[in-house]
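Colleague: I'd like to ask some things about the structure below.
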Amino acid sequence: MTQEHSIAGIPVIEQFGKAHRIEGAVHVPDACATYQIVFSVSAPGKKPEAPHAGLERVARTVNLYSMSGVTPDRLRCVAVIHGEATASVLHDAQYQACNGTPNPNARLIAALQAVGVEVSVCAQALIANGFTQDGLLPGVTRSLSALTTITVLQHDGYSLMPL
1422 MTQEHSIAGI
1432 PVIEQFGKAH
1442 RIEGAVHVPD
1452 ACATYQIVFS
1462 VSAPGKKPEA
1472 PHAGLERVAR
1482 TVNLYSMSGV
1492 TPDRLRCVAV
1502 IHGEATASVL
1512 HDAQYQACNG
1522 TPNPNARLIA
1532 ALQAVGVEVS
1542 VCAQALIANG
1552 FTQDGLLPGV
1562 TRSLSALTTI
1572 TVLQHDGYSL
1582 MPL
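All residue numbers for the sequence shown refer to my numbering, where the first residue is 1422 and numbers rise by one.
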């Protein structure tokens, strides 16, 4: 039997990841449980001047868990950026060289990091796309590869959410 809940907590990322309160929702996260999620963000952004939709969905996920009463210390998230999404983690100068506009993801990534989300980029994708290793936004980590990072985190109990 499925128990119904209302979503009553507050979103922790106010400017990004809009989420709606739902009364009588089912399959609501347990506020006393700990969740580990690895997001695979590989699709290109739809508009170079707008925040990446995959990163917005990471923020929405964090907000939905928060609104369900899951505190940030009970939510462990890693956003692995690779493939055509790689440019989304570049600092303004490199992003602008590629897309003709400052990086619209900088504030979103900073907001994710502020609530404990690790944003990690595939170093293989950086090299394959000709981006420099020192061209990343502050706090973005470099992983050996998305292929290894995702499987290592899954091995450690993280649930995969491809975006």
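We put the beta carbon where it would ideally sit given N, CA and C, even for glycine.
Need the endpoints of the beta strand (DSSP E) that Y1456 sits in, please.
Modeller: Segment 1456-1462, the beta strand (DSSP E) holding Y1456.
Colleague: By Cβ distance, which residues of its chain are closer than 8 Å to L1511, with the 5 residues on each side in sequence left out?
Modeller: Cβ within range, chain order: C1519, N1524, F1552, G1556, L1557, L1558.
Colleague: Who does E1539 pair with in a DSSP beta bridge?
Modeller: Paired residue(s): V1499.
Colleague: Does the distance from the C-beta atom of H1576 to that of Q1545 stay below 9 Å?
Modeller: Result no, Cβ atoms of H1576 and Q1545 do not sit closer than 9 Å.
Colleague: What whole-angstrom Cβ distance do S1487 and V1573 have, given they're in contact under 8 Å?
Modeller: Rounded, the Cβ-Cβ distance is 26 Å, inconsistent with contact.
Colleague: By Cβ distance, which residues of its chain are closer than 8 Å to E1539, with the 5 residues on each side in sequence left out?
Modeller: Only C1498, V1499, A1500, T1562 meet the Cβ criterion.
Colleague: I need the straight-line Cα distance from A1464 to L1485, nearest angstrom please.
Modeller: In a straight line, the C-alpha of A1464 is about 22 Å away from that of L1485.
Colleague: Would you kindly report the start and end of the unbroken alpha helix (DSSP H) that includes T1570?
Modeller: 1567-1576 is the extent of the alpha helix (DSSP H) around T1570.
Colleague: Do you know offhand how far Q1554's Cα is from C1543's?
Modeller: For Q1554 and C1543, the distance between alpha carbons rounds to 10 Å.
Colleague: Looking at the structure shown, is L1584 part of a helix, part of a strand, or coil, going by DSSP?
Modeller: L1584 falls in the coil class under three-state DSSP.
Colleague: Mind checking which residues open and close the beta strand (DSSP E) that includes T1380?
Modeller: Only positions 1422 to 1584 of the chain appear in this structure, which leaves residue 1380 out of reach.
Colleague: From the DSSP output, read off the bridge partner residues of S1564.
Modeller: According to DSSP, S1564 bridges with C1543.
Colleague: Opposite L1511 in the DSSP bridges: which residues?
Modeller: The partner list for L1511 (beta bridge, DSSP) reads L1557.
Colleague: On the criterion of 16 or more Cβ atoms from any shown chain inside 10 Å, does T1569 qualify as buried, or is it exposed?
Modeller: Flag for T1569 reads exposed.
Colleague: Quick one: is Q1515 buried, meaning 16 or more other Cβ sit within 10 Å of its Cβ, or exposed?
Modeller: Buried: at least 16 other Cβ atoms inside 10 Å.
Colleague: Tell me whether the beta-carbon of I1530 lies closer than 9 Å to the beta-carbon of S1509.
Modeller: Cβ atoms of I1530 and S1509: closer than 9 Å.
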